[in-house]
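Trainee:
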Amino acid sequence: MGCCSSRSPLYNSLVRKSMNDFIESTKLNLFSCLDIKRLDAQILSENMDQETYELFAKGWGINASYEMFSSRGVVHKFDLKVSLMLFSSDFPENKIYLLKEMLNGCPRRLMQFLEWRYRLINDKIPNEMQKFKILERNDAKEWIGSTRFRAGSEIINSFYQIKNDERMINTLNLLNIN
Numbered sequence: 031m032g033c034c035s036s037r038s039p040l041y042n043s044l045v046r047k048s049m050n051d052f053i054e055s056t057k058l059n060l061f062s063c064l065d066i067k068r069l070d071a072q073i074l075s076e077n078m079d080q081e082t083y084e085l086f087a088k089g090w091g092i093n094a095s096y097e098m099f100s101s102r103g104v105v106h107k108f109d110l111k112v113s114l115m116l117f118s119s120d121f122p123e124n125k126i127y128l129l130k131e132m133l134n135g136c137p138r139r140l141m142q143f144l145e146w147r148y149r150l151i152n153d154k155i156p157n158e159m160q161k162f163k164i165l166e167r168n169d170a171k172e173w174i175g176s177t178r179f180r181a182g183s184e185i186i187n188s189f190y191q192i193k194n195d196e197r198m199i200n201t202l203n204l205l206n207i208n
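Numbering of the sequence shown is given in my numbering, commencing with residue 31 and proceeding in unit increments.
Next up, the structure:
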């Protein structure tokens, strides 16, 4: 969250509760890891345009906007799968197995995972929560602004810790949103 939120446990718990409300309203927590694995067969292209994403979201009952998952005008299949895995209420063991399968031992994929996770939590989610009127504009701006200054070092530190020892995925609590 950032330095301001860490000083106020009440603020931190309010943001966490509002994030849970947001996740429930978008129905992103209903996906299991098995559902996410099935996406490979359903989504043939590595990138989805807005129309394709909206058809997909309607079919799966997702209430999250295209903007939440899009990057440079498309939704990347890897980013979508990572997002759904992070929101999933599935067991941690299943998430670890799915993540290892998605990363396939590739350091570049690990970095992509860490970068997207950071962007999702500290940019996309606050903006979406603001659109849903779950967070006020100032709270969303504070959330986004307070995390930017340390973004690079957090991602790089996590990358090297995981690269040296895969068990750090659990220790760093990377498979959950809040």
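Note that beta-carbon positions come from the ideal geometry of N, C-alpha and C, so glycine has one too.
1) To the nearest angstrom, how far is the alpha carbon of S183 from that of N200?
2) Please determine, among G89, W146, V105, E131, the residue with the shortest C-alpha to C-alpha distance to E76.
3) Would you tell me roughly how many angstroms separate the C-alpha atoms of G32 and S101, rounded to the nearest one?
4) Can you give the Cα-Cα distance for S118 and N168, rounded to whole angstroms?
5) Distance check for R68 and R245, CA to CA, integer angstroms please.
6) According to DSSP, which residues form a beta bridge with M78?
7) Under 8 Å, do I92 and L133 count as touching if we go by C-beta distance?
8) Please list the terminal residues of the continuous alpha helix (DSSP H) segment that includes K163.
9) Output the distance between the C-alpha atoms of S188 and G175, rounded to the nearest integer angstrom.
10) Which term fits K88, buried or exposed, when burial requires 16 or more other beta carbons within 10 angstroms of its beta carbon?
11) In whole angstroms, what is the alpha-carbon distance linking N50 and W173?
12) In three-state DSSP terms, what is S100?
13) In three-state terms, what does DSSP make of E131?
14) From which residue to which residue does the alpha helix (DSSP H) around N206 run?
15) Closer than 6 Å by C-beta to L114: which residues in its own chain qualify, once you throw out the five before and the five after it? Chain order, please.
16) To the nearest angstrom, report how far apart S35 and A170 are at their CA atoms.
17) Is D109 closer than 8 Å to F99 when the C-beta atoms are compared?
18) If you reduce the DSSP assignment to three classes, tell me which class E196 lands in.
19) Give a yes or no on whether the C-beta atoms belonging to L205 and I151 are separated by under 8 Å.
Mentor: The short version:
1) For the purposes of this step, residue 183 is identified with residue 153 of the sequence shown, where counting begins at 1. For the purposes of this step, residue 200 is identified with residue 170 of the sequence shown, where counting begins at 1. S183 and N200 have their C-alpha atoms spaced approximately 19 Å apart.
2) Indexing the sequence shown from 1 puts residue 76 at position 46. The option with the nearest alpha carbon to E76 is V105.
3) The residue you call residue 32 lines up with position 2 of the sequence shown. The residue you call residue 101 lines up with position 71 of the sequence shown. Caution applies to G32, whose pLDDT of 41 falls short of 50 and renders its modelled position unreliable; the value that the coordinates give is listed next. About 24 Å.
4) Along the sequence shown, one-based indexing puts residue 118 at 88. Along the sequence shown, one-based indexing puts residue 168 at 138. Take the alpha-carbon of S118 and the one of N168: they are about 28 Å apart.
5) Since the first residue of the chain shown is 31 and the last is 208, residue 245 is not available in this structure.
6) Working through the sequence shown from its first residue, we reach residue 78 at position 48. Answer is V105, bridged to M78.
7) Here residue 92 is taken as the residue at index 62 of the sequence shown, counted from 1. Here residue 133 is taken as the residue at index 103 of the sequence shown, counted from 1. Contact check for I92 against L133 fails: the beta carbons are separated by 8 Å or more.
8) On the sequence shown, position 133 is the one that residue 163 refers to. Counting along the chain, no alpha helix (DSSP H) covers K163, and no H or E run does either.
9) Position 158 of the sequence shown holds residue 188. Position 145 of the sequence shown holds residue 175. When only Cα atoms are considered, S188 and G175 end up about 21 Å apart.
10) Position 58 of the sequence shown, counted from the start, is the residue given in the question as residue 88. Exposed is the call here.
11) One-based indexing of the sequence shown puts residue 50 at position 20. One-based indexing of the sequence shown puts residue 173 at position 143. Taking the straight line joining both Cα atoms gives about 16 Å.
12) The residue labelled residue 100 in the question sits at position 70 within the sequence shown. In the three-state reduction of the DSSP assignment, S100 falls in the strand class.
13) As a first step, residue 131 is located in the sequence shown; it is residue number 101 there, counting from the start. DSSP places E131 in helix when its eight states are reduced to three.
14) Here residue 206 refers to the residue found at position 176 when the sequence shown is read from its first residue. Counting along the chain, N206 falls outside any alpha helix (DSSP H), and DSSP gives it neither H nor E.
15) On the sequence shown, residue 114 is found 84 positions in, with the first residue counted as 1. Closer than 6 Å at Cβ, skipping near neighbours: F61, I66.
16) Within the sequence shown, numbered from 1, the residue matching residue 35 stands at position 5. Within the sequence shown, numbered from 1, the residue matching residue 170 stands at position 140. Only weak support exists for where S35 lies, its pLDDT of 41 falling under 50; the value from the coordinates is given anyway. Those two C-alpha atoms are separated by around 12 Å.
17) Within the sequence shown, residue 99 is the residue found at index 69, counting from 1. Within the sequence shown, residue 109 is the residue found at index 79, counting from 1. Yes. Within cutoff.
18) Within the sequence shown, the letter at position 166 stands for residue 196. DSSP places E196 in the coil class of the three-state scheme, outside both helix and strand.
19) Here residue 205 corresponds to residue number 175 of the sequence shown, with the count starting at 1. Here residue 151 corresponds to residue number 121 of the sequence shown, with the count starting at 1. Not in contact: L205 and I151 (Cβ atoms no closer than 8 Å).
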